[in-house]
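In the numbering used here, the protein residues as written are 2 to 286.
We put the CB at the ideal spot given by N, CA and C, even for glycine.
The structure appears below as structure tokens.
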Ligand SMILES: NC(=O)c1ccc[n+]([C@@H]2O[C@H](COP(=O)([O-])OP(=O)(O)OC[C@H]3O[C@@H](n4cnc5c(N)ncnc54)[C@H](O)[C@@H]3O)[C@@H](O)[C@H]2O)c1
């Protein structure tokens, strides 16, 4: 599989970082979003990120220009026709992802592999929107994609073993250390395990066992975690965390993944975490 041109669909938090990573490794990347403005804004975020690396002395201005010149931005999916590889990283919504994959299946050459960065949606259901489910798998990056070493790779029911091998090779080529799951399971390894831990911390708050700051302090000092579980939920967003727990609860039909009422109350009050200025903690404007 010779890959030169990569299309990243969805230029949000993750898409911009994934596009930057591919560009840093020498690939020509096009970020496709729902409007030219959003795609341009994504490219502008990459420019800012690269400028920070220059400031820190991790990159020269010439390198910054070379990398940025590899990144194009488009307000539609048409450039997928030239793609050798496609990473989908649009919002975590099955209907929207299926719509994107239907379009990608129509636009891209039949041999092109299409991967999804979904956190917890079904790979088989996403791939089911196409005529090439054997060429589709999850390629799950971690935030921020340029820095984090891990890429989780997961098959759908019809993914071909060659697809998994090719995506794992590509992950190595990107400087990552991938883990390949043997079968499809909601939320893979890290998000599922971590989700359960974060959920347990919210149950401690619900039960009034300790203050949020003390729960976080305990996990940092006692388990050597770099960040407390409630701080992490504030960073992820309570709504995003709850959506993942709801998927796990439903798909695995397991009450261990039930979130406590306090999470619903906080979301109803608009306490979504850092992004809304309030979550388990208060944040300045
Ligand atoms: N945020 C994280 O830490 C994280 C980590 C790993 C995986 N993920 C997964 O990555 C994906 C993206 O998450 P995010 O945090 O970057 O979301 P985000 O909301 O920051 O970005 C989503 C982007 O997709 C665009 N988009 C929506 N519909 C589109 C369409 N039809 N065509 C093209 N673009 C479209 C939006 O305009 C937006 O720019 C999700 O599946 C999420 O579960 C997120």
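Per DSSP, residue 139 is one residue of the beta strand (DSSP E) stretching across 137 to 142.
Cβ contact annotation for residue 239 (same chain, cutoff 8 Å, sequence separation greater than five): 264, 267, 268, 272, 273, 274, 280, in chain order. Buried is the label assigned to residue 9, since at least 16 other Cβ atoms lie within 10 Å of its Cβ. In the DSSP assignment, residue 273 falls outside any beta strand (DSSP E), carrying neither H nor E. Linking residue 139 to residue 132 through their CA atoms gives a straight-line distance of about 17 Å. Residue 178 carries a strand assignment under DSSP once its states are collapsed to helix, strand and coil. DSSP, read as helix, strand or coil, puts residue 159 in coil. Sequence-distant partners of residue 204 (beyond 5 residues in either direction) whose C-beta falls short of 7 Å from its own C-beta, in its chain, are 261. Residue burial annotation: residue 246 is buried, with at least 16 other C-beta atoms found within 10 angstroms of its C-beta.
Going by DSSP, residue 17 is part of the alpha helix (DSSP H) stretching over 14 to 25. In the assembly as shown, residue 46 is a buried residue. Its beta-carbon has 16 or more other beta-carbons within 10 Å.
Across the structure, residue 150 and residue 178 are spaced so that their CA atoms are roughly 6 Å apart. Counting the other CB atoms within 10 Å of its CB gives residue 30 a total of 16 or more, which places it among the buried residues. Counted as a single uninterrupted DSSP element, the alpha helix (DSSP H) harbouring residue 102 occupies residues 95 to 108. Under DSSP, the beta-bridge partners assigned to residue 75 are 33.
Rounded to the nearest angstrom, the gap between the Cα atoms of residue 105 and residue 42 is 22 Å. In this structure, residue 80 sits away from residue 19, with a CB-CB distance that is not shorter than 7 Å. Residue pairing by DSSP places residue 5 in no beta bridge whatsoever. Here residue 212 carries a coil assignment [DSSP, helix/strand/coil].
Judged by DSSP in its simplified three-state form, residue 119 adopts coil rather than helix or strand.
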